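Below you'll find the structure, written out as structure tokens, and then a few comments.
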């Protein structure tokens, strides 16, 4: 069995998507923590020379970067417990929402990088995107993937854990049951899945880490 | 004629993301398999939109994967090997960044344009390096391409194929045989494919469109 290695950072939702996918499929891997902010390893620079970012999946010595591409690779290489539906149209829909999640990340995250008037605007933008996600992406389904979780659920997994911490630190509302009943219910279901539950970063560590992160983001916005 | 199996692509020739899908359909040569209409008047807010069996799909890369998975006979746009697929997907998605940087060059003047040119030149340099890694034995010949064209080739062609017309409008070389020989070889070979040649826009039309686009952008920036 070929060696699988994940180069990651403990606080990154992009990294967790990859971890969740591997765990859901029962694939063993070696995890290597990278200090992406201060001291990128030679290994990371060798495996992702273009963007020098995590996550990187290394399988049988071959590196793959970009979480969305890694997830497709994992799905194709280990087909058990599929994360994409069989029907091409359903697959296209899942991929559409994954792309939506990537394209709208800035809009969903902007509230965390801003304050005052700008933050009010950014939070409004976030609510608009969450509304689209709730009404058109999730709709009446149990998960984005239907009755079982799929790749799109992993893409939005950060909303189930990171969003709450960030909202708290930024002094804005999280994803509440009154405003987003369906997303809120999805969050509870997602977090309850044993594999996910067992693989979430420590919340208090996140509070400390992202508090520092927000300070840096706000400071650099001013300069 | 029943709606079954009918394929309709909505878009305009001026948008590279539409062109990518049009080229894919032509390369797959679906004309004899499914009645296909190429509607060049955008009636949907976002293009390209592919409608098949009455169901709509958006996002050019999602559409292309859908086409490849739905019509399995004939040329495959993605190879079988998961690792090769991942490399093609990574670089195909990178082209969106190249495209956005290129559009900035068209929309700006003076110092802003100089900065935009610098940025796109760096991105194009990275792409060239990526191609070197993907094609260690050099770019395929027209003959080789006629047997096998990938998603990445079509995306390069659609987004960067008009580089000479662009040079005509801007008076600056961003893609040329000295700086980016592999990108140029790729485009030069692909344009010779019959499936491509028959729908390729003559340079004068592209130049006229780019001039119009640039004037428009500069006027609305000044307003």
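Protein chains in written order, with my numbering: chain X, 9 to 231; chain Z, 95 to 317.
Here a beta-carbon is modelled for each residue, glycine too, at the ideal position from N, C-alpha and C.
The model shown is predicted, which means the values in this text are computed figures rather than measured ones.
- Within the segment 51-66 of chain X, 58 place their CB atoms closer than 8 angstroms to a CB of chain Z, listed in sequence order.
- One finds 159, 160, 163 in chain Z with Cβ atoms closer than 8 angstroms to the Cβ of residue 99 of chain X, taken in chain order.
- For residue 104 of chain Z, the uninterrupted beta strand (DSSP E) segment begins and ends at 101-104.
- Residue burial is scored here from C-beta neighbours: residue 226 of chain Z has fewer than 16 other C-beta atoms within 10 angstroms and is therefore classed as exposed.
- Along the segment 72-85 of chain X, the positions whose C-beta sits under 7 angstroms from a C-beta of chain Z are 72, 73, 74, 77, 80, 81, 84, 85, read in chain order.
- At a cut-off of 8 angstroms between beta carbons, residue 180 of chain Z contacts chain X.
- Taking a Cβ-Cβ threshold of 9 angstroms, the residues of chain X close to residue 177 of chain Z are 67, 68, 70, 72, 81, 85, in chain order.
- For residue 91 of chain X, no alpha helix (DSSP H) run applies, since DSSP gives it neither H nor E.
- At the C-beta level, residue 120 of chain X and residue 197 of chain X stay beyond 8 angstroms of one another.
- Distances from the CA of residue 31 of chain X to each of X/79, X/55, X/112, X/47 were compared; the closest alpha carbon is that of X/79.
- About 6 angstroms separates the beta carbons of residue 207 of chain X and residue 28 of chain X, which is inside the 8 angstroms limit, making them a contact pair.
- Between residue 23 of chain X and residue 34 of chain X a beta carbon distance of about 19 angstroms is seen, past the 8 angstroms cut, so the two are scored as non-contacting.
- One alpha carbon belongs to residue 100 of chain Z, the other to residue 157 of chain Z, and they sit about 15 angstroms apart.
- Residue 193 of chain Z has no beta-bridge partner at all, per DSSP.
- As far as DSSP is concerned, residue 122 of chain Z takes part in no beta bridge.
- In this structure, the CA atom of residue 278 of chain Z is about 6 angstroms from the CA atom of residue 270 of chain Z.
- The alpha-carbon of residue 218 of chain Z is positioned some 14 angstroms away from that of residue 251 of chain Z.
- Fewer than three beta-carbon pairs drawn from the segment 109-117 of chain Z and the segment 140-147 of chain X are found closer than 8 angstroms, and the two stretches are therefore not classed as touching.
- In the structure shown, residue 223 of chain Z adopts helical secondary structure according to DSSP, grouped into three states.
- Taking 9 angstroms as the upper bound on Cβ-Cβ separation, chain X lies near residues 184, 187, 188 of the segment 184-195 of chain Z.
- Scanning its chain for C-beta atoms nearer than 6 angstroms, with the 5 sequence neighbours on each side dropped, one finds around residue 160 of chain Z the residues 151, in chain order.
- Between residue 20 of chain X and residue 62 of chain X the beta-carbon gap is near 6 angstroms, inside 8 angstroms, which marks them as a contact.
- At the C-beta level, residue 174 of chain X and residue 106 of chain X stay beyond 8 angstroms of one another.
- When secondary structure is reduced to three states using DSSP, residue 41 of chain X falls in the strand class.
- Going by DSSP, residue 63 of chain X is part of no alpha helix (DSSP H) at all; its letter is neither H nor E.
- DSSP places residue 195 of chain X in the helix class (H, G or I) of the three-state scheme.
- Annotation: residue 162 of chain Z to residue 102 of chain X spans about 16 angstroms, alpha carbon to alpha carbon.
- Nearest CB-CB separation between residue 104 of chain X and chain Z: below the 8 angstroms threshold.
- Listed by position along chain X, the residues whose Cβ is nearer than 8 angstroms to that of residue 152 of chain Z are 104.
- One thing to note: residue 84 of chain X has its Cβ within 8 angstroms of the Cβ of residue 176 of chain Z.
- Inclusion of residue 185 of chain Z and residue 221 of chain Z in the CB contact set at 8 angstroms is warranted, their separation being smaller than that value.
- A check of alpha carbon separations from residue 260 of chain Z across Z/166, Z/192, Z/302 identifies Z/302 as the nearest.
- When DSSP states are grouped into helix, strand and coil, residue 13 of chain X belongs to the strand group.
- Taking 8 angstroms as the threshold, the shortest C-beta distance from residue 93 of chain X to chain Z does not fall below it.
- Secondary structure of residue 102 of chain X (DSSP, three-state): helix.
- Taking C-alpha positions only, residue 213 of chain Z is separated from residue 205 of chain X by approximately 42 angstroms.
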